[in-house]
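Residue numbers (the UniProt record's numbering), protein chains in the order written: chain H, 1 to 461; chain W, 1 to 461.
If you want it as structure tokens, here you go:
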């Protein structure tokens with residue numbers, strides 16, 4: 001029996017309003033790609049549910065017609081996660097964008113999956129609270145949970161997985177479950193929170209999230225420290241961590257990327273390898289920490305350190321960092337972004353970054369190096385001409401060199417962007433026989449293989 | 001075909017030395033119970049592997065003869081986790097007690113599962129490092145990972161799940177996998193670390209762990225603060241947390257438990273509701289935090305606050321806290337320990353503790369209340385006469401009242417002790433349809449249902 005899209009649209013039309021189901025070409029195209037170099041592919045149908053119940057019904061219909069399902073937030077993924085290569089139904093969560101409850105006293109907030117991090121922080125500010133995870137993009141909370149996103153503050157506050165207390169999830173048969181509870185810790189049953197966070201839409205659709213939030217710190221100090229070399233900057237970070245200084249943010253931006261920052265953000269920062277730093281705490285404690293930090297960076301050839309004393313300058317600093325990928329994209333019209341994303345034990349970081357720079361030179365590839373260096377995570381940003389087969393090949397080779405270097409040192413091929421399709425070829429090398437365990441879990445929870453098929457894991461039907 | 005234990009012993013004898021396999025009655029009895037009130041049950045055979053390869057071979061033999069497998073550390077579980085109610089082979093990990101590698105610069109340590117927390121901390125002290133998770137018992141790291149243990153420091157450093165970077169696991173078919181890597185964060189594949197931590201031996205046997213460790217803080221301040229009422233003490237903690245004071249430890253010990261502490265630990269602390277507090281950081285920061293904390297507790301009728309200025313007094317304070325369960329046990333010879341273990345959102349904690357005290361009075365049960373109150377986790381310690389059916393019934397009723405109160409407020413039935421058999425009856429109420437997801441995972445990874453059968457989840461064969 002051949003199923004036509006018309007039949008599926010008609011079944012979806014019976015449970016949704018007219019404006020919630022579309023096969024409009026422009027809308028399909030808007031859901032055919034992400035922010036990466038991965039090639040586009042159209043969904044057959046895009047739906048815009050407004051409630052968990054509607055998501056459950058959509059999933060049941062998808063099941064009935066054996067249509068793949070791809071959950072979609074803002075399309076800011078970097079490894080092709082949301083691209084529907086198997087077509088089917090894309091579920092766009094933009095109508096599910098309510099902040100359901102701020103539990104101020106519990107430092108918890110319940111949100112729908114379409115809420116973005118900037119939207120959430122705007123609301124939380126009223127309560128003196130903030131949400132810590134800050135990828136470059138203004139992604140949705142649902143999308144950030146799907147990839148276990150992180151950002152500049154993970155060195156202190158952790159990744160998305162560390163924030164999620166509970167997920168409401170629609171499973172492959174339409175059942176709705178909760179993966180956790182609102183307690184700070186639990187030893188009850190298997191840890192489904194941890195399993196579903198980072199599952200990239202392959203095990204279920206998130207329809208509500210409860211996440212941890214934090215009090216805005218009493219006192220914040222931010223600084224830019226410029227170094228002679230990237231290696232000096234990285235060694236300084238390793239020394240700061242080893243000294244036990246509780247740092248809230250520490251970002252490496254190399255000299256090439258500092259140029260992009262200045263061009264895009266109209267700043268006039270030194271165009272040298274730089275650390276963007278931030279400390280959170282009480283005034284007396286921070287002053288002591290910062291004095292200690294200054295001694296340490298001086299011992300690593302720090303050439304200048306400038307403190308951002310007012311709020312505006314501090315916000316500008318972090319906005320410039322967040323917009324760095326966009327700075328590269330806007331600075332290279334017509335080209336596509338490829339970003340490496342390895343993470344290594346901190347003792348291996350300086351070597352890995354030096355290796356990346358050598359490999360760039362060897363392959364004559366232009367690229368900037370930035371990183372959440374406090375976590376051992378760094379990115380090389382490459383702008384690729386997708387019409388130049390040789391450049392694509394070299395960029396792929398480069399990515400592979402970087403990944404292999406990390407895996408040989410017990411690191412990971414992706415620190416925060418996720419697997420999607422871009423890191424799939426490294427899964428067996430990284431996980432070995434554990435990949436079979438992941439396959440068993442996928443098959444047990446999504447036997448029809450309809451949830452974001454062939455992402456993370458490729459299972460032969 | 002009926003399989004005799006002799007056949008299995010003989011098969012095990014072919015891969016292990018004589019002293020590594022036993023059916024000696026005394027040894028079987030040593031592996032028949034834990035530290036709780038749950039009734040004992042003998043294993044058929046106890047084995048003492050020395051390597052991962054031996055564990056893998058034991059699991060394959062168990063498979064061949066359809067013998068249940070129970071991993072065993074120090075037998076300090078509190079919900080019957082290690083009691084082999086289905087008999088079979090108990091794997092005692094006491095020979096696998098090596099600290100394999102201290103990666104000082106990475107703040108990581110690789111250990112075998114039989115290493116205990118005190119053994120690890122003794123070694124780490126040489127490097128200026130410590131391992132943070134500290135349940136009352138001197139449990140093994142393998143056992144602590146199996147139950148997602150926590151303790152007095154979780155409010156700052158997190159639970160066992162937060163420390164585990166990688167587990168080497170022997171699966172039900174004898175395959176050996178690694179669940180993670182040594183990077184600080186990863187978005188690669190499903191999060192198997194999180195799934196296996198807390199799986200209580202039902203999904204595999206841990207044969208090696210890599211866990212995070214921390215630098216011993218530059219400056220530590222500990223204190224005892226006495227209050228008029230338990231409610232005052234709890235409200236003070238909630239205020240301290242809401243003020244954003246970064247506390248490293250905050251333990252509630254009620255007046256009854258303070259008496260047990262003094263009796264057992266030969267201390268002369270005030271026998272009033274008390275908070276044991278500790279702060280970690282730099283000197284200037286801590287002094288400011290402590291001044292703020294003193295203001296807050298004064299606002300909650302704190303009657304006295306005493307700082308432990310020297311190391312010895314500070315160690316004595318925490319040793320007294322760690323030995324509290326043993327203090328109760330030794331103070332009530334012939335009786336057995338039942339400990340409740342709920343955890344709730346912090347805004348619900350004061351109400352929950354008041355409810356527990358009322359329920360104790362209503363049922364005329366003697367019991368002390370202690371808790372890791374910074375996490376919203378508290379324990380009621382009951383000493384039960386196991387020959388008094390009425391007392392057992394009342395204690396069970398009490399436990400159920402406490403659990404239901406927590407579940408109705410989106411808490412959990414077990415904050416840190418785990419499910420074992422004691423919390424099994426609450427799993428459906430707590431997890432709803434998510435329990436079916438857990439069952440599917442169990443069946444996918446242990447189709448023969450041999451790994452610690454009927455713990456956490458009961459699946460009909």
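Idealized CB from N, CA, C, for every residue including glycine.
Taking 8 angstroms as the threshold (beta carbon to beta carbon), is residue i in contact with chain H?
i                      : result
residue 195 of chain W : yes
residue 143 of chain W : no
residue 423 of chain W : yes
residue 417 of chain W : yes
residue 489 of chain W : This structure gives no information on residue 489 of chain W, because the portion of chain W shown stretches from 1 to 461.
residue 399 of chain W : no
residue 299 of chain W : no
residue 5 of chain W   : no
residue 159 of chain W : yes
residue 362 of chain W : no
residue 198 of chain W : yes
Pop quiz: residue i and residue j are said to be a contact at Cβ under 8 angstroms. What is the actual Cβ separation, rounded to whole angstroms?
i                      : j                      : result
residue 255 of chain W : residue 271 of chain W : 6 angstroms
residue 248 of chain W : residue 280 of chain W : 4 angstroms
residue 109 of chain H : residue 211 of chain H : 6 angstroms
residue 93 of chain W  : residue 142 of chain W : 6 angstroms
residue 178 of chain H : residue 432 of chain W : 7 angstroms
residue 356 of chain W : residue 380 of chain W : 5 angstroms
residue 245 of chain W : residue 289 of chain W : 5 angstroms
residue 453 of chain W : residue 86 of chain W  : 5 angstroms
residue 84 of chain H  : residue 43 of chain H  : 4 angstroms
Please tell me whether residue i has its Cβ less than 8 angstroms away from any Cβ of chain W.
i                      : result
residue 432 of chain H : yes
residue 414 of chain H : yes
residue 150 of chain H : yes
residue 218 of chain H : yes
residue 147 of chain H : yes
residue 19 of chain H  : no
residue 25 of chain H  : no
residue 154 of chain H : yes
Between residue i and residue j, what straight-line distance do the alpha-carbon atoms span, to the nearest angstrom?
i                      : j                      : result
residue 28 of chain W  : residue 81 of chain W  : 16 angstroms
residue 352 of chain W : residue 402 of chain W : 8 angstroms
residue 343 of chain W : residue 376 of chain W : 5 angstroms
residue 24 of chain W  : residue 365 of chain W : 40 angstroms
residue 421 of chain W : residue 339 of chain W : 14 angstroms
residue 378 of chain H : residue 78 of chain H  : 15 angstroms
residue 218 of chain W : residue 113 of chain H : 41 angstroms
residue 334 of chain H : residue 322 of chain H : 21 angstroms
residue 287 of chain W : residue 162 of chain H : 29 angstroms
residue 406 of chain H : residue 183 of chain H : 36 angstroms
So with CB distances below 7 angstroms, who are the chain W contacts of residue i?
i                      : result
residue 38 of chain H  : Neighbours of residue 38 of chain H on chain W: none; closest Cβ ~16 angstroms, over 7 angstroms.
residue 106 of chain H : 345, 346, 347
residue 163 of chain H : The premise fails here: residue 163 of chain H is roughly 12 angstroms from chain W at the closest Cβ pair, so nothing lies under 7 angstroms.
Listing by chain order, which chain H residues have their CB less than 7 angstroms from the CB of residue i?
i                      : result
residue 242 of chain W : 105
residue 410 of chain W : 181, 182
residue 215 of chain W : 244
Below 9 angstroms on C-beta distance, what does residue i contact in chain B?
i                      : result
residue 438 of chain W : Among the chains of the structure shown, chain B does not appear; the protein chains present are H and W.
List the residues of chain W that residue i touches, going by C-beta distances under 9 angstroms, in chain order.
i                      : result
residue 228 of chain H : Within chain W, no residue comes near residue 228 of chain H; the closest Cβ sits about 23 angstroms away, beyond 9 angstroms.
Residues of chain W with a CB under 8 angstroms from the CB of residue i: which are they?
i                      : result
residue 101 of chain H : The contacting residues do not exist; residue 101 of chain H stays about 11 angstroms from chain W at best.
Return yes when at least one heavy atom of the ligand MG lies under 7 angstroms from the C-beta of residue i, else no.
i                      : result
residue 416 of chain W : By its list of ligands, the structure shown contains no ligand whatsoever, and the ligand MG lies outside what it can speak to.
Using a Cβ cut-off of 8 angstroms, pull out every chain H residue sitting near residue i, in sequence order please.
i                      : result
residue 435 of chain W : 189
Exercise. Listed in chain order, which residues of the stretch 368–383 of chain W have Cβ atoms closer than 7 angstroms to some Cβ of chain H?
Worked result: Of all residues in the stretch 368–383 of chain W, the ones placed with a Cβ closer than 7 angstroms to any Cβ belonging to chain H are 375, 376, 377, in chain order.
For this session: Give, in chain order, every residue of the stretch 271–290 of chain H whose Cβ lies closer than 9 angstroms to some Cβ of chain W.
Result: Answer in chain order: 281, 282, 283, 284, 285, 286, 287, 288, 289.
For this session: Please list the residues of the stretch 326–359 of chain H that have a C-beta atom closer than 9 angstroms to any C-beta atom in chain W, keeping them in chain order.
Result: Those would be 341, 342, 343, 344, 345, 346, 347, 348, in chain order.
Exercise. Between the stretch 440–461 of chain W and chain H, which residues of the former have a C-beta closer than 9 angstroms to a C-beta of the latter?
Worked result: Correct list: 440, 441, 442, 443, 444, 445, 456, 457.
Problem set entry | Members of the stretch 168–190 of chain H near chain W, C-beta cut-off 8 angstroms | For the stretch 168–190 of chain H, the beta-carbon criterion of a distance under 8 angstroms to any beta-carbon of chain W is satisfied by 171, 175, 176, 177, 178, 179, 181, 182, 183, 184, 185, 186, 187, 188, 189, 190.
For this session: Could you please tell me which residues of the stretch 111–133 of chain W, in chain order, have their CB closer than 7 angstroms to any CB of chain H?
Result: Per Cβ criterion, the list is empty.
For this session: Anything in the stretch 70–82 of chain W with a Cβ closer than 7 angstroms to a Cβ of chain H? List those residues in chain order, please.
Result: From the stretch 70–82 of chain W, no residue has a Cβ closer than 7 angstroms to chain H.
For this session: Could you list the residues in the stretch 32–58 of chain W with a C-beta less than 7 angstroms from some C-beta on chain H, going in chain order?
Result: So nothing in the stretch comes that close.
Exercise. If contact means a Cβ-Cβ distance below 7 angstroms, which residues of the stretch 232–262 of chain H contact chain W?
Worked result: Answer in chain order: 242, 244.
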